[in-house]
Ligand SMILES: *Cc1c(COP(=O)(O)O)cnc(C)c1O
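Residue numbers (my numbering): 15 to 391.
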C-alpha cells in the first residue's frame, strides 16, 4: 500500500507513542484522583500543555484539550456566539471551510444567526477587501481556516487577524491542517481562538486542542466535571495528550528538513503528472500552499472510479475531504473556487508525509497514469 492521504489522517509518531504508552499500561491513574500516581499524570499533562503553548507563542493556560478538530470548531463557534449575543448575530466565514465549521454555521443560521460566506479567487484565497466590506456593526465572529484541507491553500491569516482586532471582532481559525506544518504565533497573527487536531500531525485520533486567548470568557461546550480549569468536562485522554505534545514537538524540531523533503516529493509527483498525463490541471495556488498537498483535476474522468482503481492498485488517495467521499456530492471547495461541477467531481487529492519515499512517488505516478488511461479508453 502507498499512503498518499495524510490530510485525512497520519501515522502516529513512534517516539511519541513510546513516551505516551506509559499512561496506558503503567500510570493509568485518573489525573483527578488524589494519590501521587494521579498527581504525577496531572503534572505531566500540564507539561504537555506548556510544550504546546510554547510552540504557538501562547501561555499554558490558554490551551484546552478536546477530542479533536471537530469539537474545537464547534466549541469555538457556538460559544463565541453565546458570549457575544448582546452585540449581534452576524458571522463571517468562507465557502471553503471544513464541514465541522460549515455545519455548525448552518445550525446557527437555523437559530437566527446570519452568516456571510466569503468567496475565494480561483486559487482558493479569500479577498481581504471583500472581508473588509462584509464587516458590520453586529459582526461578532470571523471564522476563517488557516489552510484548506482539500487544495492546501494558506489564507492571509495575519491580515484577517489585524482586521478583526481593529474592529473588535473575535477571530477563530480552524488551523487543523496548519498546526505541525507551518510555524504559527498566535500573538503575531492576532488569533483569538485556534482549533487543532492531533491526528493530522502524527498524534493519535480523538485528541486535539482549542487555544482560547486569555480574557475571552468562552463557556463550556461539554458540561460535567471540573477538568480543564472548569471549561471542558470529561476525564482527560492522558495517553493522547502526552502523545500529541511530543508529536507536535517532534514535528517542529524537524520541520525545516521535513518540509523541504516532502515538498520536493510533492513537486516531483506534481510535475510528473502535469507533464505526462494529458488534460491534467492543478487546483489551488502553488505559492500559498501546504508543502504536502497536491490536488489535480483530470478532464473526462470520474473521480469516484479513479479512486476505486487506485485502491485496487494499492494507492490510498482522496477526492477531497474524507467526509465527502462516499457521498455523490462534488467537492464544495472545488465548486467554490471553480464553479465547475465536472472539475469538482474529477479532482484528486494526494497528500504526502515524511514517511513517503521517492520510490513511492514514481510508483504512484505510474499507477495513476495507467488508471487514467484505462478510464479514458
Ligand atoms: C480533519 C479536519 C477537521 C476535523 O478534525 P477531527 O479531529 O477529525 O475532528 C477539521 N478541520 C480541518 C481543516 C480538517 O482537516
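Glycine is no exception: its CB is placed at the ideal position from the N, C-alpha and C atoms.
Of the choices the options, whose alpha-carbon is the least far from that of residue i?
i           : options               : result
residue 188 : 181, 179 and 198      : 198
residue 233 : 220, 222, 221 and 247 : 247
residue 75  : 226, 323 and 266      : 226
residue 301 : 106, 183 and 169      : 169
residue 288 : 136, 56, 389 and 380  : 380
residue 276 : 305, 292 and 155      : 305
residue 310 : 110, 137, 117 and 40  : 137
residue 368 : 216, 82, 220 and 296  : 216
residue 332 : 207, 386 and 163      : 163
residue 323 : 56, 266, 382 and 355  : 382
residue 7   : 208, 250 and 370      : Residue coverage of the chain in this structure runs from 15 to 391, which leaves residue 7 outside it and unanswerable.
residue 94  : 151, 119 and 211      : 119
residue 73  : 179, 200 and 291      : 200
residue 347 : 240, 60, 291 and 113  : 113
residue 328 : 245, 291 and 374      : 374
Only counting the same chain, and skipping five residues up and downstream in sequence, which positions put a Cβ closer than 6 Å to that of residue i?
i           : result
residue 173 : 142
residue 249 : 44
How would you label residue i, buried or exposed, when you count the other beta carbons within 10 angstroms and need 16 or more for buried?
i           : result
residue 15  : exposed
residue 31  : buried
residue 229 : exposed
residue 222 : buried
residue 303 : buried
residue 85  : buried
residue 62  : buried
residue 270 : exposed
residue 268 : exposed
residue 210 : buried
residue 152 : exposed
residue 299 : buried
Short check: CB of residue i to CB of residue j, under 8 Å?
i           : j           : result
residue 411 : residue 108 : Outside the displayed span of the chain (15 to 391) sits residue 411, for which this structure offers no information.
residue 364 : residue 320 : no
residue 34  : residue 256 : yes
residue 274 : residue 92  : no
residue 87  : residue 115 : yes
residue 154 : residue 110 : no
residue 242 : residue 79  : yes
residue 175 : residue 82  : no
residue 191 : residue 161 : yes
residue 145 : residue 122 : no
residue 260 : residue 29  : yes
residue 179 : residue 104 : no
residue 194 : residue 265 : yes
residue 285 : residue 312 : no
residue 69  : residue 262 : yes
In chain order, what residues of the same chain lie with their CB nearer than 7 Å to the CB of residue i, ignoring the 5 residues before and after it?
i           : result
residue 366 : 18, 20, 276, 279, 280 and 306
residue 96  : 233
residue 24  : 213, 214, 215, 216 and 367
residue 317 : 333, 359, 360, 361 and 362
Any C-beta of chain D sitting closer than 8 Å to the C-beta of residue i?
i           : result
residue 135 : Although the question refers to chain D, the structure presented lacks it and comprises just one protein chain.
Quick check for students: name the residue ranges of the beta strand (DSSP E) that lie wholly in the stretch 298 to 362, counting only runs of 3 or more.
307 to 312
Sequence ranges, alpha helix (DSSP H) only - wholly within the stretch 81 to 164, length at least 4
83 to 97, 113 to 123 and 142 to 148
Could you name each continuous alpha helix (DSSP H) segment of 4 residues or more that falls completely within the stretch 236 to 278, going from the start of the chain to the end?
241 to 244 and 252 to 267
Which parts of the stretch 16 to 85 are runs of the beta strand (DSSP E), unbroken and 3 residues or longer, counting only runs that do not cross its ends?
77 to 80
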